[in-house]
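> Below you will find the structure I want to go over with you.
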Amino acid sequence: MIAKRIIPCLDVRDGRVVKGVNFEGITDVSSPVELGRFYSDVGADELVFYDITASAQGRAIFTDILKEVAKTIFIPLTVGGGINTLDDFERVLSCGADKVSVNSGAIRNPSLVEAAAKRYGDQCVVISVDVKRVDGVFRVFAKGGRENTGLEAVEWIKRCVDSGAGEVVLNSIDTDGVKKGFDLEMLDAVCNAVDVPVIASGGAGCIDDFVALFKTLPKVDAGLAASVFHFGEVSIKELKKTLHDNGIEVRL
Amino acid sequence: MTVIIDYGVGNLFSLKSSFAHIGEEAVVSNDIKTIKKADRLVLPGVGAFGDAAALLRMHGMDEVLREEAKSGKAILGICLGMQMLFTKSYEYGEHNGLDLIKGSVVPMQPLLPKELKVPHIGWNELNIRKENALFKYINEKDRVYFVHSFFATDCDEAVISSTEYGITLTAAVAKDNVMGTQFHPEKSGNVGLNILRGFCEIN
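One line per chain: the protein sequences are A and B, in this order.
In our numbering, each residue carries its 1-based index in the first sequence increased by 113.
In our numbering, each residue carries its 1-based index in the second sequence increased by 1306.
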């Protein structure tokens, strides 16, 4: 059967990884190429590169870096950040990305998901959603979690999947950064509403949080995290071994 | 030299890079002279079968591939490229393939247990059914990366590897010098690179 995926996410600004990682054997702690290779070597199943550059110049550097990564790392690469048009899809796909993650771009222009899925296939389009509880309702937030769009999250995600999004990254703002585990309640609601892979994001603090995620919600396909991997709090090798020991299928 | 057949489908950046990574010169081309000179051919493919098959014909690559297959040159189809090696596909209608391997391509959805999602996407295990040069450097149960909603069937004799996803899915096929993988070796880490390495050693 298919393995649960473990996905590190790297924030890139002006061609450098923000909050660079400090692992043994890595000389340049903020090189996306070196870090990508490191994660690929220790067993990451996929990499997400998130472009947090604001300038056009930084964006061009990002695509150059992406090419470098794709030349040396042969696992699926997802790119997000600043994806607003089909041209943005084309720009990163031609540099070696396999999937493109859209967030605010889809909120601003909901037809983007459908147009991209038609041109590049459903498997290529990932809808990434930042969700926070407001008065007990799951609300979609935009602009990096700063702005309440008023959209109800499960409905919004369903709408995107119906338009052709092939995968969902659900980032819970409520659990993000707290490091007390994934937002199982929110994930359960989304998993029950859509039949495409759901990737959990936000809240992982230790290996047990991933075990709890896949044990409690077998429908979740992957766990995504950034800082716990970057700061070495969770080693991907150990994580996968522990998941395997707990009867969860992983790629070892 | 390996030629990756260019017929206007998909993004060949990773595929080309993966050959470079294992030290094999790979050229993306649809030039008949270049193809005839090649030691081996790769037929890539993503997207819908009908569109891709039409593009292949439009570029005249269908005839070239049939001739090269007959001449004994090693050919590797990848993902939709593998599916196009078959006789027919029933992806949204009925389409003719290259018929280099007998069999047909059908949707997996109606055959899967309800709880399983389509597409079949992610890392799954290879069950090796027949020895093949492609598997020279890999092991039984190694995992490779799949992304597909349709699969090859009625091709038992050609199946060299399968994978389990509620049902048994064809993972790789071979008939003499014509081979195909449903998964993406260029996205399957070291296991995938080792499969390409095996392919490049076929003479």
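We treat Cβ as the ideally placed atom computed from N, Cα and C, and that holds for glycine.
A quick note: this is a predicted structure, and the numbers were derived from the prediction, not measured.
Run through the DSSP bridge pairs and tell me what A/Glu265 is partnered with.
Answer is A/Arg252, bridged to A/Glu265.
> Can you tell me whether B/His1454 is helix, strand or coil according to DSSP?
Strand, per DSSP.
> Which chain B residues are close to A/Arg364, counting only those with a beta carbon under 7 Å from its beta carbon?
Here the neighbours are Trp1429, Arg1449.
> Taking CB distances under 8 Å as the criterion, tell me whether B/Pro1425 reaches chain A.
It does; some Cβ of chain A falls within 8 Å.
> How about A/Ser153: is its C-beta nearer than 8 Å to some C-beta of chain B?
A/Ser153 counts as touching chain B.
> Express the C-alpha separation of A/Ala157 and B/Ser1494 in angstroms, rounding to a whole number.
Cα to Cα, the separation comes out at about 11 Å.
> Contact between the stretch 1383 to 1393 of chain B and the stretch 1330 to 1343 of chain B: three or more CB pairs below 8 Å?
Counting Cβ pairs under 8 Å, fewer than three are found: no touch.
> In three-state terms, what does DSSP make of A/Ser207?
A/Ser207 falls in the coil class under three-state DSSP.
> Select from the stretch 195 to 209 of chain A all residues with a C-beta closer than 9 Å to any C-beta belonging to chain B, and list them in chain order.
Residues Leu206, Ser207, Cys208, Gly209.
> Quick one: what does DSSP say A/Pro331 is sitting in, helix, strand or coil?
In the structure shown, A/Pro331 sits in coil (DSSP, three-state: anything other than H, G, I, E or B).
> B/His1327 versus chain A: which residues are under 8 Å apart at the beta carbon?
Neighbours of B/His1327 on chain A, chain order: Lys184, Thr185, Phe187.
> To the nearest angstrom, how far is the alpha carbon of B/Val1370 from that of A/Thr166?
When rounded, the distance between both Cα atoms is 46 Å.
> Could you please give the first and the last residue of the uninterrupted alpha helix (DSSP H) stretch that includes A/Cys304?
Per DSSP, A/Cys304 belongs to the alpha helix (DSSP H) from 297 to 306.
> If contact is defined by three or more beta carbon pairs under 8 Å, each pair taking one atom from either stretch, is the stretch 302 to 317 of chain A in contact with the stretch 1416 to 1428 of chain B?
Yes, the stretch 1416 to 1428 of chain B touches the stretch 302 to 317 of chain A.
> B/Met1414: buried (16+ other C-beta within 10 angstroms of its C-beta) or exposed?
Looking at its Cβ environment, which holds 16 or more other Cβ atoms inside 10 Å, B/Met1414 is buried.
> Under 8 Å, Cβ to Cβ, is there at least one residue of chain B near A/Ala116?
Yes, A/Ala116 lies at the interface with chain B (some Cβ there is under 8 Å from its Cβ).
> On the three-state DSSP scale, how would you describe B/Asp1368?
In the structure shown, B/Asp1368 sits in a helix (DSSP, three-state: H, G or I).
> Within the chosen definition, does the stretch 1453 to 1471 of chain B reach the stretch 142 to 161 of chain A through at least 3 CB pairs nearer than 8 Å?
With the cut-off at 8 Å, the stretch 1453 to 1471 of chain B and the stretch 142 to 161 of chain A do not touch.
> Listed from N- to C-terminal order along the chain, which residues in the stretch 1376 to 1399 of chain B have their beta-carbon within a distance smaller than 9 Å of any beta-carbon of chain A?
Hits within the stretch: zero.
> Return the residue from the list B/Asn1496, B/Ser1455, B/Leu1418, B/Ala1354 that minimises the CA-CA distance to B/Ile1473.
Measuring from the Cα of B/Ile1473, the nearest candidate turns out to be B/Leu1418.
> Given a cut-off of 8 Å, decide if A/Glu265 and A/Val250 are closer than it, judged by their beta-carbon atoms.
Yes, the Cβ-Cβ distance between A/Val250 and A/Glu265 is below 8 Å.
> Mind checking which residues open and close the beta strand (DSSP E) that includes B/Pro1413?
Residues 1407 to 1413.
> Does A/Asp158 come within less than 8 Å of chain B when only Cβ atoms are used?
Output row for A/Asp158: interface = yes.
> Please confirm whether B/Ser1324 has its beta-carbon closer than 8 Å to some beta-carbon of chain A.
B/Ser1324 counts as touching chain A.
> Can you tell me where the alpha helix (DSSP H) holding B/Arg1503 begins and where it ends?
It spans 1495 to 1506 - the alpha helix (DSSP H) in which B/Arg1503 sits, taken as one unbroken run.
> Flag A/Val215 as yes if its beta-carbon sits less than 8 Å from any beta-carbon of chain B, otherwise no.
Judged by the 8 Å Cβ criterion, A/Val215 is not in contact with chain B.
> With a threshold of 7 Å on Cβ separation, who are the neighbours of B/Gly1409 within its own chain once the five nearest residues in sequence on each side are excluded?
Result list for B/Gly1409: Phe1392, Thr1393, Ala1458, Thr1459, Asp1460, Cys1461, Ala1464, in chain order.
> Considering only the beta carbon of each residue, do B/Ile1328 and B/Arg1503 sit closer than 8 Å?
A contact, by the Cβ cut-off of 8 Å.
> Tell me, please, whether the CB atom of A/Val267 is closer than 8 Å to any CB atom in chain B?
Output row for A/Val267: interface = no.
> Report back the beta-carbon spacing between B/Met1307 and B/Val1333 to the nearest angstrom; my notes put them in contact at under 8 Å.
Contact holds; Cβ gap of about 6 Å.
> Using a 10 Å radius around the Cβ and a threshold of 16 neighbouring Cβ atoms, would you call A/Met299 buried or exposed?
Counting Cβ neighbours within 10 Å, A/Met299 comes out buried, since at least 16 surround it.
> Please list the residues of the stretch 296 to 317 of chain A that have a C-beta atom closer than 8 Å to any C-beta atom in chain B, keeping them in chain order.
The stretch 296 to 317 of chain A vs chain B, Cβ under 8 Å: Asp308, Val309, Pro310.
> Kindly identify the DSSP beta-bridge partner or partners of B/Tyr1471.
DSSP, once it has assigned bridges, lists B/Ile1473 as partnering B/Tyr1471.
> Going along the stretch 160 to 178 of chain A in order, which residues come within less than 9 Å of chain B, judged by CB to CB distance?
Those residues of the stretch 160 to 178 of chain A that come within reach of chain B (Cβ to Cβ, closer than 9 Å) do not exist; the list is empty.
> Could you name the residues of chain A that B/Val1352 contacts, counting a contact when the two beta carbons are closer than 9 Å?
Chain A residues near B/Val1352: Tyr233, Gly234, Gln236, Cys237.
> Return no unless some Cβ of chain A is closer than 8 Å to the Cβ of B/Lys1442.
By this cut-off, B/Lys1442 is not an interface position.
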